[in-house]
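Protein chains in written order, with the working numbering: chain A, -5 to 336; chain B, 79 to 432. Even glycine gets a Cβ: it sits at the ideal position worked out from N, Cα and C. Computed from a prediction, not measured in an experiment: that's the story for all the values here.
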Amino acid sequence: MTQLVIHTGMPMTSAAVIRDQLAGWREPLERAGVELVAKDAPKAWDRAVRQVLGGEVPPPLRRVMRRTQQGEAPTVLLSAELAARALGSRPTVNALRALSRDSGLTTKVVLVVREQLDLLNALYCRRVMALETSIGFESFVTDALVSGRLELDHHFTALQDASGVELVAVPYSRLDHHLPAAAVLEAAGAAGGAAVTGADAAADVQAAADDRWLPGPVLLTATRLLHKRLTRLGAVRKRPAEELGAAVAMLRHRATDAAWNEVPFWGWSQDLAATAEQHYRSGNDSFAARVWAAPWPDVAPSRPQTRQDLASEPPAVVSDVMTMIHRAVDELTAGRAVAVTT
Amino acid sequence: MDQLRAGVLVTRLVVHIGAQRTASPGFHKSLFDNADTLLQHGVLVPAAGRPDSSPRAVRHQLLAWSFDPDGDHPYDATVWDALHEEIAASSAHTVLLSSELFAAVAADPASAPLLRNRLRALSDDVTMVLLVRDQLDLLNSLYCQQVRSLELTCDFDGYLADSPDTHVYDFAASFAPWYAADDVSFVAMPWDPRTDEDTLPALLSLVGISVTPDVLVPGDGEGDLLGPVGIEANRLLGSYLRGRFPGFRPGEPAARKLRRKAAAAGQSHSWDNDEFWAWSPQQAARAAERYATSNQEFARHVLGGNWDLPAPVDRERNVAELVELGPASVNQVHRYLIEMEEAFERLRRREAAA
C-alpha cells in the first residue's frame, strides 16, 4: 500500500525551509523509498497538495501508485504550508479521506505546531518586514485572536476526528534548528529519514537560520515608518515588490552594519501576553491530550517587551534611521532602485 | 564685593523667582511693555541682567546664570556690578527683578546663600515672589518646554527620574529656608493655567506695589503649548540633530534660532491644537500623594491657609509615538526633521560667517 504523507504546519513553522530541504534530499530519499512527487518549485508542491486536498490524484502520484501494484511500498511525500489552513475545513478533510479510501492510500498528515505567542511575534515581524502591514503589534494580535485561525483544537477538529487519515503533530520547539526536515521525516515514519539527517549543507543551515531570524525593535520600527511614508506617497502600490524589498533589505543591511540593536523584537506586554495565553490555553491542552495523550509541551516565553520608541534611542541611531528611510523614500518616489548596501 | 556688601542701594527689592511655566513668557513681555509705566510709579525694571536674545521681554536670566558659570548659556561675570550701577543711577524706590531661573538657584543649598548675599547687598527690604502651580501640571509643562527647546530627548519617565525639577518644585523642601528666614520676605501666589488672570497686576498687588491695573498693558497667557505629535516631533528633532551634527548644543545660537522656526512649523502643522499630557492616572495619583504633605506645609506657612490648587490626577494620558501615528503624520514629522536639519545647517553657516 502506498503511504501518502502531507507535511504542513502552522504559520512560522519553517514550512518553506522544510520543503526546500526535502527537495534538496530528493535523491537519497528516493533511494530510501520516499518519493517527492512534486518538482522543486514551490508552486509545483502547492499545486500537488491542492489537487490531493481536492480529492484528485496528481499524475506523478498515480505513477507511484502503479508501482505499488507491482509489489513496492513507497512513501509519497508532499509538503505545503497552505494545507494547514485547508485542513481546517471539514469538506476538505472528507475529500482527503475519500481519496485515501478510494485510492487505497495510507494517509498521514504531519503537522508542525507552534506555541502561539512565539508564533504571533514571529509572524508579526515577517509581515512588517515584508511591508505587508505597519499596524502596531497589539492591533495585530487582537485581529489574530478574533480570527481564531491559530486555535489548534478548534481549527483541526475535523482532522482529529477523521478516520482513515492519521494526524501526527510535531512541536516546532522540537525541530532541529538547522535541519527541521529531519523531524518531519521521522514523524512520517519514513525509513529514509535516517539516511539524510546527516546532510548538513551550509545552504540548508543558512536558510534555516534566516527563517528563524527576528529583527530588532529599531529595524522593525524603521520598516513600519518606511511603510507608512511609502503608503502616504502612494509608492507601496506603484513600485514593484522587488524594489520595495530592496528598500527593506537596505534597512536590514544598515541595521547590521551600524548595530542599531541586537535584541530580537518581542512585542508582548505582560497584560497582552496573559490575555493571549488564556485565550489559547484550553485549546492547546485539549489538542495535546487528543494528539499526544500528553500535556501541551511548550510554555509561553516570558521576555521583557521591547519598545518601539524611536525617540528614546541614541541620537546616532535616530539620525541614521531617519536618514536611511528618507533616502529610500526619495529613491522609490523618484522611480530609482534602492541600493541595498549603503 | 566690598562695595556690594557695604550699602543699601534701594528701599525695596522685589524678586520674582518663578516658578517656571507659570505664565512667565507672558509675564516677561508684560513687564517689558509696562516698564515705563512702572518707572513712573517708582518701580525700576532694570535693563542689566537681561540677555540680548529676548529684547522684547524682561528676563533677568544673566543674573541667575551668573551662579552657574559652567552651564550651556551666556555668562557675564560683571552682571551684578552692572545692575548695581544701574540701580545707583536711578531714583526709583523699588526695583523689580524677574527670572524664573532664580527658583532653582534659591532651591539649591549651594547657591542659595550666594543669591541671598547678592540680594541683601542691594536692599534691606527684599521680597521674593514665587508663583506656585500644581506640580503635575508644572512638570508636564516643564517637560514640554525642555523638549521644545531641544534640551531634552528622553521620554517623560526618564525626565521624572533624572531631572532636578522634581525636587526644585517640592516647594516646602526647596523654599523653607527662605520663608523661615527673617531677613527676607517670601510670598507666594497660586497660579492655575485654567484661569486667565493677568499675572503682572496680581503680582504687584500681592507685594503691595500700587499701580492701577487699568494703566498697565494686558499680558498674554501661557501660550505656545505643543500637542503630543509636536512633542514627539521635537524629541526626535533633538535626537536627530545631535546625531547629524556632533557637538550640537541646544544653547548654541543656531539652535536657539531654530526653535522659532520649529515653533512656527509646529503651528503650521496644527500640532498645538491638542494638549500633551504625560501622566498616567496611576502615576499622577502617586506623585500627587507624594507632594500633598509638602504642599500643605508650604501653604500653611506662606499662603496662610490650605493648598487649594487641584491636582489633575484623573486626566487621561495623551502622548504620541511616531511609529503609531498614521501615514500622513509620519510623513509630516519626517519632512519636518529634514526641513529643520536644512534650516539648522543654514543658521550654523550664517553664525559662522558672522
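Close beta carbons around D154 of chain B, own chain, < 6 Å, minus the five adjacent residues each side: Taking the second sequence and counting its residues from 1, the one referred to as residue 154 of chain B is at position 76. Result list for D154 of chain B: L140, in chain order.
Three-way DSSP call (helix, strand, coil) for Q302 of chain A in this model: Within the first sequence, residue 302 of chain A is the residue found at index 308, counting from 1. Q302 of chain A falls in the coil class under three-state DSSP.
Beta bridge counterpart(s) of S252 of chain B as assigned by DSSP: Walking along the second sequence from the start, residue 252 of chain B turns up at place 174. S252 of chain B pairs with nothing; no bridge assigned.
Beta-carbon neighbours of R226 of chain A, restricted to chain B and to distances below 8 Å: For the purposes of this step, residue 226 of chain A is identified with residue 232 of the first sequence, where counting begins at 1. The contacting residues are P405, A406, V408, N409.
Nearest-angstrom Cα separation, counted from A166 of chain B out to V123 of chain B: In the second sequence, the residue the question calls residue 123 of chain B occupies position 45. In the second sequence, the residue the question calls residue 166 of chain B occupies position 88. Using only the alpha carbons, I get a separation of about 13 Å.
Neighbour-count burial assignment, D314 of chain A, 16 or more Cβ in a 10 Å radius: In the first sequence, the residue the question calls residue 314 of chain A occupies position 320. Buried, since its Cβ has 16 or more Cβ neighbours within 10 Å.
Burial state of P174 of chain A (16 or more Cβ within 10 Å): Position 180 of the first sequence, counted from the start, is the residue given in the question as residue 174 of chain A. Buried, by the Cβ-count rule.
C222 of chain B: contacting residues in chain A (beta-carbon distance under 9 Å): Your numbering for residue 222 of chain B matches position 144 in the second sequence. Within 9 Å Cβ-Cβ: nothing; C222 of chain B doesn't reach chain A, min ~14 Å.
Whole-angstrom distance between L228 of chain B and A216 of chain A, CA atom to CA atom: Here residue 216 of chain A corresponds to residue number 222 of the first sequence, with the count starting at 1. Here residue 228 of chain B corresponds to residue number 150 of the second sequence, with the count starting at 1. Distance between the alpha carbons of A216 of chain A and L228 of chain B: 22 Å.
8 Å Cβ cutoff, S317 of chain B in contact with chain A: Residue numbering aside, residue 317 of chain B sits at position 239 when the second sequence is read from its first letter. Closer than 8 Å: yes.
Under 8 Å between C-beta atoms of R218 of chain A and V122 of chain A: If you number the first sequence from 1, residue 218 of chain A lands on position 224. If you number the first sequence from 1, residue 122 of chain A lands on position 128. For R218 of chain A and V122 of chain A, yes; Cβs fall inside 8 Å.
Secondary structure of L(-2) of chain A, DSSP reduced to three states: Counting from 1 along the first sequence, the entry for residue -2 of chain A is found at position 4. Strand.
C-beta neighbour in chain A for G321 of chain B, strict 8 Å: For the purposes of this step, residue 321 of chain B is identified with residue 243 of the second sequence, where counting begins at 1. Yes, contact with chain A.
Proximity winner among B:P271, B:D270, B:A266, B:A101, relative to S283 of chain B (alpha-carbon distances): As a working note, residue 283 of chain B is residue 205 in the second sequence. Nearest option by C-alpha distance: B:A266.
Range of the contiguous beta strand (DSSP E) that encloses T100 of chain B: As a position in the second sequence, residue 100 of chain B is number 22, starting the count at 1. Premise fails: T100 of chain B is in no beta strand (DSSP E) and is neither H nor E.
Exposure label - P85 of chain A; buried when at least 16 CB within 10 Å: One-based indexing of the first sequence puts residue 85 of chain A at position 91. When all chains shown are included, P85 of chain A counts as exposed.
Assigned exposure category for N384 of chain B - 16 Cβ within 10 Å defines buried: Your numbering for residue 384 of chain B matches position 306 in the second sequence. Result: exposed.
Reference P405 of chain B, options A:D324, A:V87, A:E109, A:L227, closest by Cα: Start at 1 with the first residue of the second sequence, and residue 405 of chain B comes out as number 327. Among A:D324, A:V87, A:E109, A:L227, the Cα nearest to that of P405 of chain B belongs to A:L227.
Bounding residues of the alpha helix (DSSP H) (the contiguous stretch that carries E29 of chain A): Against the first sequence, residue 29 of chain A aligns to sequence position 35. Here E29 of chain A belongs to no alpha helix (DSSP H); instead the beta strand (DSSP E) covers 28 to 30.
Delimiting residues of the beta strand (DSSP E) encompassing F264 of chain B: As a working mapping, residue 264 of chain B is identified with position 186 in the second sequence. Note, F264 of chain B: beta strand (DSSP E), 263 to 268.
Min CB distance P342 of chain A to chain B below 8 Å: Not covered by the structure: residue 342 of chain A. The range shown for chain A is -5 to 336.
Span separating the alpha-carbon of H171 of chain B from that of L116 of chain B: In the second sequence, residue 171 of chain B corresponds to position 93, counting from 1. In the second sequence, residue 116 of chain B corresponds to position 38, counting from 1. Their Cα atoms are separated by approximately 11 Å.
R313 of chain B: contacting residues in chain A (beta-carbon distance under 7 Å): Counting from one through the second sequence, the residue named residue 313 of chain B turns up at place 235. Going along chain A in sequence order, the residues near R313 of chain B (Cβ under 7 Å) are A305.
Segments of 4+ residues assigned as alpha helix (DSSP H) that fall wholly inside the segment 134 to 172 of chain B: 139 to 143, 157 to 166
DSSP three-state assignment for E126 of chain A, whether helix, strand or coil: For this step, residue 126 of chain A is matched to residue 132 along the first sequence. Looking at E126 of chain A - three-state DSSP - the assignment turns out to be coil, as it is neither helix nor strand.
Contact under 8 Å by Cβ, L47 of chain A with L90 of chain A: Within the first sequence, residue 47 of chain A is the residue found at index 53, counting from 1. Within the first sequence, residue 90 of chain A is the residue found at index 96, counting from 1. Contact: yes.
6 Å Cβ shell around D203 of chain B - same chain, five flanking residues per side excluded: Numbered from 1 along the second sequence, position 125 holds the residue referred to as residue 203 of chain B. Taken in chain order, the residues that qualify are R90.
Alpha carbon of A398 of chain B to alpha carbon of H94 of chain B, nearest angstrom: Here residue 398 of chain B refers to the residue found at position 320 of the second sequence. Here residue 94 of chain B refers to the residue found at position 16 of the second sequence. So the two alpha carbons sit approximately 35 Å from each other.
Per-residue contacts from E402 of chain B into chain E (C-beta, under 7 Å): No chain E is part of this structure, whose protein chains are labelled A and B.
CB-CB length for L161 of chain A against L153 of chain A, believed under 8 Å: Locating residue 161 of chain A in the first sequence gives position 167, where the first residue counts as 1. Locating residue 153 of chain A in the first sequence gives position 159, where the first residue counts as 1. About 5 Å separates the two Cβ atoms, so the contact holds.
Short Cβ contact (8 Å threshold) for V323 of chain A with A243 of chain A: On the first sequence, position 329 is the one that residue 323 of chain A refers to. On the first sequence, position 249 is the one that residue 243 of chain A refers to. No, these two residues do not count as a Cβ contact at 8 Å.
Continuous alpha helix (DSSP H) stretch holding R284 of chain A: start and end: The sequence position of residue 284 of chain A within the first sequence is 290, counting from 1. Counting along the chain, the alpha helix (DSSP H) containing R284 of chain A begins and ends at 264 to 285.
Within 7 Å of chain B by C-beta, residues of the segment 257 to 273 of chain A in sequence order: none
Same chain, Cβ closer than 7 Å to V285 of chain B, neighbours up to 5 away in sequence not counted: Position 207 of the second sequence holds residue 285 of chain B. So the qualifying residues of the chain are V92, T205, V207, V265.
Bridge partners - V162 of chain A, DSSP secondary structure assignment: The count along the first sequence starts at 1 and reaches residue 162 of chain A at position 168. Answer is A:V104.
Three-state class that DSSP yields for T225 of chain A in the structure shown: The residue labelled residue 225 of chain A in the question sits at position 231 within the first sequence. Note: T225 of chain A maps to helix in three-state DSSP.
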